[in-house]
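In what follows, a structure is listed as structure tokens, so that the remarks can point back to it.
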Amino acid sequence: MTAQDTGAAWSLKGVPEGPLIIGVAGGSGSGKTTVAQHIVDNIGPEQVALLEHDSYYKDQSNLSPQERLSVNYDHPDSLDNALLVRHLQELKAGRAVEVPTYDFKLYSRTPETIRVEPKPVIVVEGILIYVDPRLRKLMNLKIFVDTDADLRFIRRLQRDIVQRGRTVESVVEQYLQTVRLMHLEFVEPSKRYADLIIPEGGYEVPALLNKVFRLVRLMNLDD
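Oh and the sequence shown: position 133 is 136 in our numbering, straight run, nothing missing.
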């Protein structure tokens with residue numbers, strides 16, 4: 004079902020003026036990317052800009068290949084939040100931004116950027132987006148996708164092997180050394196900042212969107 008099928012069920016009427024910024028967080032492999040894409044597809048890509056936190060990993064090209072492997076990419080310090088904050092501020096002001104592209108096989112940024120134009124709705128998706136108070140402050144609504152750890156690990160394993168050229172051994176080692184620990188230290192505690200917690204797979208997209216905009220309107224009235 005699309006926005007066109009349901010008419011004005013999730014009209015932007017009544018939401019705050021200026022871009023509506025929605026955060027979608029959850030552990031690695033939780034399904035948060037799917038939820039974020041559902042929001043884009045059902046409202047319409049002409050109305051929504053999507054920013055992925057993964058695009059904002061810090062460039063590690065100054066390190067040797069071996070040194071890059073030792074970086075903890077599941078720690079908040081591995082991400083350039085200052086740039087993401089600046090980009091959200093620029094989009095709120097009606098200005099386009101150039102989003103970095105990141106090569107996960109080389110652990111460095113590529114020369115290319117992706118131009119993102121300002122839209123009525125901005126969706127920010129990522130594991131650690133609620134850890135930084137500067138990012139939380141910019142968001143009108145924060146969603147957390149809650150998924151069992153075993154399912155998250157299986158999905159991460161499949162993704163890293165297929166999309167990022169990793170071996171099973173390297174994915175398992177990283178999960179045990181950093182991913183699980185960082186999830187418990189940063190991701191899981193950040194769930195308390197969410198306005199809406201949804202079980203992965205336990206929602207219908209139209210109902211989710213109706214709830215999202217109803218919450219935004221109520222929060223706007225409270226302001």
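Yeah, the Cβ is synthetic: ideal placement off N, Cα and C, and Gly gets one too.
Put simply, the stretch 35 to 52 touches the stretch 122 to 139. At least three CB pairs are less than 8 Å apart. Taking C-beta atoms as the reference points, residue 154 and residue 174 fail to come closer than 7 Å. Under the DSSP assignment, residue 157 falls in the alpha helix (DSSP H) whose first and last residues are 152 to 167. Residue 77 places its beta carbon 7 Å or farther from that of residue 150. Apart from the 5 residues on each side of it in sequence, residue 199 sits with its Cβ closer than 8 Å to the Cβ of 144, 145, 146, 147, 214, 215 and 218 in its chain, given in chain order. With contacts defined as CB atoms closer than 7 Å, residue 59 and residue 23 fail to qualify as a contacting pair. Closest option to residue 89, judged by alpha-carbon separation, among 32, 68 and 138: 138.
Around the beta-carbon of residue 201, 16 or more other beta-carbon atoms lie within 10 Å, marking it buried. DSSP places residue 103 inside the beta strand (DSSP E), whose first and last residues are 100 to 106. Within the stretch 66 to 134, the complete beta strand (DSSP E) segments of 3 residues or longer fall at 100 to 106, 111 to 119 and 124 to 128, listed in chain order. The alpha-carbon of residue 82 is positioned some 9 Å away from that of residue 131. Beyond the five residues adjoining it in sequence on each side, residue 221 comes within less than 8 Å, by CB distance, of no other residue in the same chain. In this structure residue 51 does not touch residue 140 by the C-beta definition: roughly 21 Å separates them, more than the 8 Å allowed. Counting C-beta atoms within 10 angstroms of its own C-beta, residue 65 has fewer than 16 neighbours from the protein chains shown and is therefore classed as exposed. Residue 136: member of the alpha helix (DSSP H) spanning 136 to 141, first to last residue. Taken through DSSP and simplified to helix, strand or coil, residue 35 comes out as helix. Boundaries of the beta strand (DSSP E) harbouring residue 148: 144 to 149, taken from the DSSP string. Annotation: the continuous beta strand (DSSP E) that includes residue 51 extends over 51 to 55. Closest option to residue 189, judged by alpha-carbon separation, among 179, 157 and 135: 135. A check of alpha carbon separations from residue 26 across 203, 210 and 196 identifies 196 as the nearest.
In this structure, the beta-carbon distance from residue 95 to residue 47 does not fall below 7 Å.
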